[in-house]
Amino acid sequence: MLLIQLEKKELEENPAQLKQHILSKLGKTPDKVRTVIENTELDAFISSPLRYRHPWELLWGNISKGNVCVAGDSLHPMTPGIGQGGCSALGDGVVLARCLGEALLKSSRQGMEDKSEEGMQEHKKIEVGLKKYANERKWRSFALINTGYVVGFLQGSEGKIMTFYKFLAPSLVLLLLKKADFDCGKLSIC
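Taking the UniProt record's numbering, the leading residue of the sequence shown gets 1, the next gets one more, and so forth.
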């Protein structure tokens, strides 16, 4: 295990070794792809290992405070193993638009009596919409982060863990398909 860690560290620090490592892993890749990699300058090869960020702050912290919230990768950083990063960011946008739209439209339909409080009311409406968004996306994001981590861990494992992964693969495929099937709700135009 120590030898593997040393090899990974060397690859991260040595672009020439990284380039050779990539070329050795190409297998039956078309010659055009191999040529592109062979002709790429060494300073273009950068290794940045995937890191896991514990999602506990997502569950116990606030992703929304006042009229500010987080979305996209800042809300749910994940490894690429489940292919849901970009889709989740788009889902965030839809849910955020829906929650803000509902909060702003609901209040404006009720009418405003006092124009001097209008700015404060807008701020409160936005805050309500963002809190609703945060509550809706919290568990979805938590599940995506953890699923991505587990899949990435299993895919990067060797030996007995990899054998176990091959046994679990059919179940994981179903789990991943469920992650991709998510209804963000409907956006309505007033």
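By construction, the Cβ of each residue, glycine as well, lies at the ideal position given by its N, Cα and C atoms.
Just confirm the distance between the C-beta atoms of residue i and residue j, as a whole number of angstroms; I'd bet it's less than 8 Å.
i	j	result
R53	P80	Not really, about 15 Å apart at Cβ, beyond 8 Å.
K131	L104	The Cβ separation is near 14 Å, so there is no contact.
Y133	C69	6 Å
I22	I37	6 Å
L90	F142	Not really, about 18 Å apart at Cβ, beyond 8 Å.
E127	G66	6 Å
For residue i, count neighbouring C-beta atoms within 10 Å of its own C-beta (all shown protein chains included) and say buried if the count is 16 or more, exposed if not.
i	result
P170	exposed
Q155	exposed
A71	buried
V33	exposed
M1	The pLDDT assigned to M1 is 43, lower than 50, so where the model puts this residue is not dependable; a value taken from the coordinates is nonetheless given after this. When all chains shown are included, M1 counts as exposed.
K186	exposed
G27	exposed
Q20	exposed
P55	buried
G129	buried
L6	Because the pLDDT of L6 is 49, which lies under 50, any placement of that residue in the model is unreliable, and the number read from its coordinates should be weighed accordingly. L6 comes out exposed.
L96	buried
L144	buried
K75	A small correction: the amino acid at residue 75 is Leu; Lys does not occupy that position in the sequence shown. Label assigned to L75: buried.
On the DSSP bridge assignment, give the partners of residue i in chain order.
i	result
S64	C69
Quick one, are the C-beta atoms of residue i and residue j less than 8 Å apart?
i	j	result
R137	D92	yes
residue 212	G148	Outside the shown range of the chain (1 to 190) lies residue 212, about which nothing can therefore be said.
D73	G61	no
Report the residue ranges of all alpha helix (DSSP H) runs contained in full by the segment 120 to 162; include only those spanning at least 4 residues, in chain order. Within the segment 120 to 162, no run of alpha helix (DSSP H) reaches 4 residues while sitting entirely inside it.
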